[in-house]
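Visitor:
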Amino acid sequence: MAEIGLTVTAIVIAGLILVWVIYLFIGDLSGAPFVPVDDRVLEEILKRMKMKKGGNFWDLGSGNGKAVFMAVKKFGVNGKGVEINPLLVFYCRLKARFKKIRNIEFFRNNFYKTDLTDADYIYFYLFTGTVEKVAKKIERECKPGTIVASRAFEIMNWKNKLTDIWETNGWKTYFYKV
Ligand SMILES: C[S@@+](CC[C@H](N)C(=O)[O-])C[C@H]1O[C@@H](n2cnc3c(N)ncnc32)[C@H](O)[C@@H]1O
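Letter by letter, the sequence shown follows residues 0 to 177 in numbering that gives the first Met the number 0.
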């Protein structure tokens, strides 16, 4: 009996590791791999977005949800994260439920296929090339005045929308107003 239990546990763990590795590749191919941002850096980025309470904040490729949780807790916005990796989404939903946070949602989806029309603030930490494609989607969908922060990668076609650049440890974050 104990042997069966052990085998089942090993299969479940192996399955989770497999899903994790597969989605690391999928995330990498479809936008960017999972690399979380340092807390202090993240807080400064969110502060510079000058968010108003009750606004809608989106993180495109929300990873472990750090930015969404911080935006809700420290800046009083409604937090929404969209993430392709189901394990990360499961973790975020569990954390939100455990912490009893209501104004937070996590979607298991491709951000290219996600409706962003309600966004007031959009943050992402993606790749060069990906940010240009995301910018086109934002331009098509989002209302004028939407604040966008792109960690590490500049949106070359948005030079006329650039409002601020913040640099720390050799990495820049670019801020835009649509
Ligand atoms: C560099 S991480 C950023 C994590 C988080 N936003 C942060 O700043 O800490 C990029 C995330 O985007 C996710 N991702 C990549 N392409 C995606 C896509 N097309 N749709 C949804 N999520 C995607 C990856 O799985 C990964 O978790």
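From the three backbone atoms N, C-alpha and C, an ideal C-beta is built for every residue, glycine too.
Note that the structure is predicted; figures quoted are calculated from it, not measured.
What's the gap between the Cα of F126 and the Cα of A1?
Guide: Approximately 47 Å between the Cα atoms of the pair.
Visitor: Looking at the structure shown, is N159 part of a helix, part of a strand, or coil, going by DSSP?
Guide: If DSSP states are grouped into helix, strand and coil, N159 belongs with the helices.
Visitor: Could you pull the start and end residues of the alpha helix (DSSP H) that K112 belongs to?
Guide: Careful: K112 lies outside any alpha helix (DSSP H) and carries neither H nor E.
Visitor: Return yes when the C-beta of E42 is under 7 Å from any heavy atom of ligand 3, and no when it is not.
Guide: Ligands in the displayed structure: ligand 1; ligand 3 is not one of them.
Visitor: From the DSSP secondary-structure annotation, give me the bridge partner or partners of K171.
Guide: E166.
Visitor: Ligand 1 and D117: does the residue's C-beta get closer than 7 Å to at least one heavy atom of that ligand?
Guide: The answer is no for D117.
Visitor: Run through the stretch 32-113 for me and flag every whole beta strand (DSSP E) of 3 or more residues, listed as ranges in chain order.
Guide: With a minimum length of 3 residues, the continuous beta strand (DSSP E) runs that stay inside the stretch 32-113 are 55-59, 77-82 and 103-107.
Visitor: For the pair the stretch 76-90 and the stretch 5-20, tell me if three or more CB-CB distances fall below 8 Å.
Guide: A contact exists between the stretch 76-90 and the stretch 5-20.
Visitor: List the endpoints of the continuous alpha helix (DSSP H) containing A134.
Guide: First-last of the alpha helix (DSSP H) with A134: T129 to E140.
Visitor: Quick one: give me the first and last residue of the beta strand (DSSP E) that V177 is part of.
Guide: Where V177 is concerned, there is no enclosing beta strand (DSSP E), given that its DSSP letter is neither H nor E.
Visitor: How many Å lie between I154 and Y124 at the Cα?
Guide: Cα to Cα, the separation comes out at about 12 Å.
Visitor: Return helix, strand or coil for A13, following the three-state DSSP convention.
Guide: It is helical.
Visitor: Please report the Cβ distance between L115 and I146, rounded to the nearest whole angstrom; I am assuming they are in contact, meaning their Cβ atoms lie under 8 Å.
Guide: The pair is not a contact, with the Cβ atoms about 13 Å apart (cut-off 8 Å).
Visitor: Would you call the stretch 71-79 in contact with the stretch 99-107, where contact means no fewer than 3 C-beta pairs closer than 8 Å?
Guide: Short answer: they touch.
Visitor: For I21, which of helix, strand or coil comes out of DSSP?
Guide: Here I21 sits in helix by DSSP.
Visitor: In chain order, what residues of the same chain have a beta carbon less than 8 Å from the beta carbon of I12, not counting five sequence neighbours either side?
Guide: Cβ within range, chain order: n/a, list empty.
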